[in-house]
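Asker: Here it is: the structure, laid out below.
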Amino acid sequence: MKQLELAVHELAPRMQHWRRDFHHFAESGWLEFRTATHVAEVLHQLGYQLALGRDVVDDAARMGLPSAEVLAREEQRAQAQGALPQWLEHFSGGFTGIVATLDTGRPGPTIAFRVDMDALDLGEMQQPSHRPFAEGFASCNDGMMHACGHDGHTAIGLGLATVLQQFSHQLNGTIKLIFQPAEEGTRGARAMVAAGALDNIDYFTAIHIGTGIPGGTVLCGSDNFMATTKFDVQFTGVAAHAGGKPEEGRNALLAAAQTALALHSIAPHSAGASRVNVGVLQAGTGRNVVPAQALLKVETRGETNVINDYVFERAQEIIRGITTMYGIEAEVKLMGAATNSAPSPEWVAFIRQQAAEVSGVTQVFDTVKGATGSEDATLMMARVQEQGGKASYMVFGTQLSAGHHNEKFDFDEKVMEVAVNTMARLALNFPWQRGV
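Using our numbering, the first residue of the sequence shown is number 8, and each one after it goes up by one.
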């Protein structure tokens, strides 16, 4: 595969440019307006068939959507920062998903790769010790930062698109490249699945870089993602004068506080690891007012779907009980969801075989032990597998300057070459493809 490795190496400066551009203009979930337009333009120039916006993102299935005011403001911001007008209308309103298709016209499987595009709601370090700042590509958008490597994922996706088009005469079947919005908070995958973007796919792989895995190491079938449900609880009581008529009030703050404590007392499940976390409690308007409104932001997790469902159902029982006790109402709004991961062994074995042959790869494993976080690509994996396809999740190790979701996060950009080389080999060396 020397021709492939040479092509990817020659592409490395362009991938670095893409990555740093996306990093500088970081955009968080459902707000990836500028990013999506530039991705669409590159893919269009490469000759891919594009499905955009509402065609690949189901409106009703979107979760954790910013307000209409924020969506409009951030779309204007993206325009001012160079969002390409010929593509922007497709993504207006936060429908920032893309599926690019390369149909060879020859019989063969449909192989899909997924990358995510969103940044985090986090301010980036502005100090010379932080390479993105020192070299001029730190985020220019306050409160938005690529602190999880999705800028690199997007650049990897474009690099893969480039080399697969370059070697398309040696491919059979169909290639699909899925550029997903709003992975952070596990908000975006469900909407793409609901829109049919994962239908009729034979082989599927999602990717991530870093995650504490050392450089040169590739995980070919990560299976330690926890199922999760993320939800907001809006409590509505009755305001009253705290000194004059406290008995007329219904205290939403106390109900929310008691709910928070009770949620953290849910008994663990005997079948595996479980988690619950109340991350935000907002309530009250004044010292002498019985608070009528309170908000909790909560997440549950489980090593399996069954365990997560157990924690979530117990949480709902607690909410119902406490609202009855306090005589108030509560509205639960789903904000994000993902399943646990179950990669397909046959597909993982093929990935492992191919990854072991890539320059720069020194260790190849199926997975590592221990439950970690959650990832909504698992919903895509599950959809592919439901239809009889094979699915997996890959992790490419790389040196990090700080942990994920940290203001000092950065990564060794050489990992992008390793990722593109490996992913391209999966398509080019798949059985009944023509050798490079």
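For glycine and all other residues, C-beta sits at the position ideal for the given N, C-alpha and C.
#1: Could you check if residue 430 is buried or exposed, using at least 16 other CB atoms within 10 Å of its CB as the buried criterion?
#2: Could you work out which residue in 158, 262, 336, 47 is closest to residue 127 when comparing CA atoms only?
#3: Can you tell which of 216, 253, 71 has the C-alpha that lies nearest to the C-alpha of residue 239?
#4: Have a look at residue 44 and residue 354 and give me their C-alpha separation to the nearest angstrom.
#5: For residue 162, is the classification buried or exposed, using 16 other Cβ atoms within 10 angstroms of its Cβ as the cut-off for buried?
#6: In three-state DSSP terms, what is residue 383?
#7: Should residue 116 go down as buried or exposed, given a rule of 16 or more other Cβ atoms within 10 Å for buried?
#8: Under three-state DSSP, which class holds residue 437?
#9: Throw me the rounded Cβ distance for the residue 148 and residue 34 pair, which I believe falls under 8 Å.
#10: So the beta strand (DSSP E) residue 183 belongs to, where does it begin and stop?
#11: Look at the alpha carbon of residue 304 and the alpha carbon of residue 365, and state the distance between them as a whole number of angstroms.
#12: Is it the case that the Cβ atoms of residue 56 and residue 121 are separated by a distance below 7 Å?
#13: I need the straight-line Cα distance from residue 145 to residue 18, nearest angstrom please.
#14: Check for me: the alpha helix (DSSP H) holding residue 51 runs from which residue to which?
#15: Would you check if there are 3 or more beta carbon pairs closer than 8 Å linking the region 86 to 96 to the region 220 to 228?
#16: Just to confirm the assignment: which complete beta strand (DSSP E) runs, minimum length 3, are found wholly within the region 124 to 188?
#17: Can residue 166 and residue 102 be called in contact, C-beta distance under 7 Å?
#18: Residue 383 and residue 80 look like a contact to me (Cβ under 8 Å); what is the Cβ gap, rounded to whole Å?
#19: Kindly give me the distance between the Cβ atoms of residue 46 and residue 220, rounded to whole angstroms, as I take these residues to be in contact under 8 Å.
#20: Give the straight-line distance between the Cα atoms of residue 1 and residue 106, rounded to the nearest whole angstrom.
#21: Could you tell me if residue 113 is buried or exposed, where buried requires 16 or more neighbouring beta carbons within 10 angstroms of its beta carbon?
#22: Would you kindly report the start and end of the unbroken beta strand (DSSP E) that includes residue 338?
#23: DSSP has residue 401 in a bridge; who is on the other side?
#24: Residue 241 and residue 310 - do their beta-carbons sit closer together than 7 Å?
#25: Return helix, strand or coil for residue 306, following the three-state DSSP convention.
#26: Grouping DSSP H, G and I as helix and E and B as strand, with all else coil, what is residue 102?
#27: For residue 230, collect the residues of the same chain with a Cβ closer than 7 Å to its Cβ; drop the 5 residues on either side in sequence, then sort them by chain order.
#28: Any chance you could list the alpha helix (DSSP H) runs of at least 4 consecutive residues sitting entirely within the region 227 to 305, in chain order?
#29: Can you tell me which of the three DSSP states residue 90 falls into?
#30: What span of residues does the alpha helix (DSSP H) with residue 313 cover, start to end?
#31: What distance in whole Å lies between the Cβ atoms of residue 345 and residue 234, which are believed to be in contact at a cut-off of 8 Å?
#32: Which residues mark the beginning and the end of the beta strand (DSSP E) in which residue 58 is found?
#33: Among 213, 275, 49, 93, which residue has its Cα nearest to the Cα of residue 1?
#34: Sorry if obvious, but does the Cβ on residue 363 come closer than 6 Å to a heavy atom of the ligand ADP?
#35: For residue 368 and residue 217, I'd like the C-alpha separation in whole angstroms.
#36: On the DSSP letters alone, give me the boundaries of the alpha helix (DSSP H) that residue 418 sits inside.
Answerer: This is what the structure holds:
#1: buried
#2: 158
#3: 71
#4: 32 Å
#5: buried
#6: coil
#7: The residue is buried, with at least 16 neighbouring Cβ atoms inside 10 Å.
#8: coil
#9: 7 Å
#10: 181 to 187
#11: Distance between the alpha carbons of residue 304 and residue 365 is about 43 Å.
#12: no
#13: Cα-Cα distance, rounded: 22 Å.
#14: Start and end: 40 to 53.
#15: no
#16: 181 to 187
#17: no
#18: Between residue 80 and residue 383 the Cβ distance is about 26 Å, and since that is not below 8 Å, they are no contact.
#19: Incorrect: roughly 26 Å between the Cβ atoms, too far for contact.
#20: With the chain covering only 8 through 443, there is no way to say anything about residue 1.
#21: exposed
#22: 336 to 345
#23: Its beta-bridge partners are 214.
#24: Contact: no.
#25: Three-state result, residue 306: strand.
#26: coil
#27: 348, 349, 350, 374
#28: 259 to 270
#29: coil
#30: First-last of the alpha helix (DSSP H) with residue 313: 312 to 333.
#31: 6 Å
#32: 56 to 59
#33: There is simply no residue 1 to check, as the chain begins at 8 and stops at 443 in what is shown.
#34: No copy of the ligand ADP occurs in the structure displayed, which carries no ligand at all.
#35: 14 Å
#36: Element bounds for residue 418: n/a, residue is neither H nor E.
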